[in-house]
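Written out as structure tokens, the structure is:
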């Protein structure tokens, strides 16, 4: 019944060519008109390269309703797939930003050497521990020790406990030793371990040190922070961390802050700048060269890892070749070029308002 239906449709459609029906009966019927569209390509290739094992698609039959001429056919009777799109080169990674900035030398009259801060047991008060460290002072100064305090505006410290801060006065001098007076230390047994090992959400640190330069020594040495409020100050914020061997606590500095001319600076170490500065002062040329070219002096720091290991010329070339620090292989966000001229042993800080 299916064949008869198709024959009747053919005869009705070609009633003015009855004498050719017997010769065309073996040809396949044309596709329904709804399958012929005005698209440029009737058969779209599913991929860039057709599968040669698949049977060829049915031939194309032009329709008299076409308004545009059919596209050219291949010798197989069907349209070839569209050419593959051009292969574009892979985009290069974004080059790190190079910031050219001359280092600003800040005079820090009092510097607490954070690597020397430690706690010692109070011999006169068992269970109590005293803070001790080494510092340099180029002017008369006062040093204040507070437990569980936080930094406030304008270089002020706010104590969160009733314990009075201990302040001691010193003349100028390098390599001076500081140690709390007996009976003014901290008893760790009175606090929970979580309170000692981290700062609170409100910014309260277990240990806060303030070293302040002053033109004249304060009249009292306890409970006073100096009479000269215009002097430069250094604030050290620290926690008490458990030692690796488990035999007590040690001091771990979390942050150091400078207040100079009512401007706040947060100190950040730059690894390698000490070598460049020291060799300029003693005349030794070894150890200051760029790790890339091995000839030019180091003057460019990688951020955020803060490795000063390259010259500015190599840094400009490196930003188009890689995004990794040549020292630690961490991702590079930007480069900071630092020009240090007539260097004196003073501190350098990054201003953070």
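Residue numbers (the UniProt record's numbering): 1 to 353. Cβ atoms here follow ideal geometry from the backbone N, Cα and C, with glycine treated the same way.
Scanning the UniProt domain "RING-type" (290 to 329) from its first residue to its last, the whole alpha helix (DSSP H) runs of 4-plus residues come out as 312 to 318. Contact between the segment 249 to 266 and the segment 287 to 297 is absent, with fewer than three C-beta pairs closer than 8 angstroms. Exclusion of the five residues before and after residue 113 leaves 134 as the residues of its chain whose Cβ lies within less than 6 angstroms of its Cβ. Looking only at 268, 138 and 106, the smallest Cα-Cα distance to residue 171 is reached by 138.
In this structure, 303 is the residue among 303, 122 and 151 with its C-alpha nearest to the C-alpha of residue 331.
Bounds of the beta strand (DSSP E) holding residue 234 are 233 to 242. Looking at the backbone, the Cα of residue 162 and that of residue 267 are separated by about 30 angstroms.
Scanning the segment 148 to 209 from its first residue to its last, the whole beta strand (DSSP E) runs of 3-plus residues come out as 157 to 159, 166 to 170 and 173 to 179. In this structure residue 141 touches residue 109 by the C-beta definition: roughly 7 angstroms separates them, less than 8 angstroms.
Assigned with DSSP and collapsed to three states, residue 269 falls in coil, not helix or strand.
In its chain, beyond the 5 residues on either side, 311, 313 and 314 have a beta carbon closer than 8 angstroms to the beta carbon of residue 293. DSSP, reduced to helix, strand and coil, places residue 339 outside both helices and strands of the structure shown, so it counts as coil. Around the beta-carbon of residue 201, fewer than 16 other beta-carbon atoms lie within 10 Å, marking it exposed. Contact check for residue 185 against residue 130 passes: the beta carbons are separated by less than 8 angstroms.
Each residue's CA atom was taken as its position, placing residue 204 and residue 148 some 6 angstroms apart. As a beta-bridge residue in DSSP terms, residue 264 pairs with 259. Residue nearest to residue 272 within the set 233, 262, 320 and 327 is 327 (criterion: CA-CA distance). Taking a contact as a CB-CB distance under 8 angstroms, the pair residue 190 and residue 239 does not count as one, their CB atoms being some 16 angstroms apart.
For residue 83, there are no CB contacts under 8 angstroms within the same chain when 5 residues up- and downstream are skipped.
Comparing alpha carbon positions, the residue from 336, 183 and 321 closest to residue 306 is 336. Among the bridge pairs identified by DSSP, residue 143 is matched with 168 and 211. Burial state of residue 317 is exposed, judged by a 10 Å Cβ sphere holding fewer than 16 other Cβ atoms. Counting the other Cβ atoms within 10 Å of the Cβ of residue 211 gives 16 or more, which makes it buried. Counted as a single uninterrupted DSSP element, the beta strand (DSSP E) harbouring residue 118 occupies residues 118 to 121. In this chain, the beta strand (DSSP E) harbouring residue 130 covers 129 to 137. Beta-bridge annotation (DSSP): residue 250 is paired with 241. Taking a 10 Å sphere around the C-beta of residue 182, we find fewer than 16 other C-beta atoms and assign the residue as exposed. When DSSP reads this structure, residue 111 sits in a beta bridge with 136. Residue nearest to residue 165 within the set 153, 143, 173 and 177 is 143 (criterion: CA-CA distance). Buried is the label assigned to residue 180, since at least 16 other Cβ atoms lie within 10 Å of its Cβ. The beta carbon of residue 196 sits closer than 6 angstroms to the beta carbons of 206 and 240 from its chain, once the five residues preceding and following it are set aside; these are given in chain order. Going by C-alpha positions, residue 193 is about 27 angstroms away from residue 167. Minimum Cα-Cα distance from residue 115 among the listed residues 250, 232, 121 and 85 corresponds to 250. Using a Cβ distance threshold of 8 angstroms, residue 174 and residue 136 count as a contacting pair.
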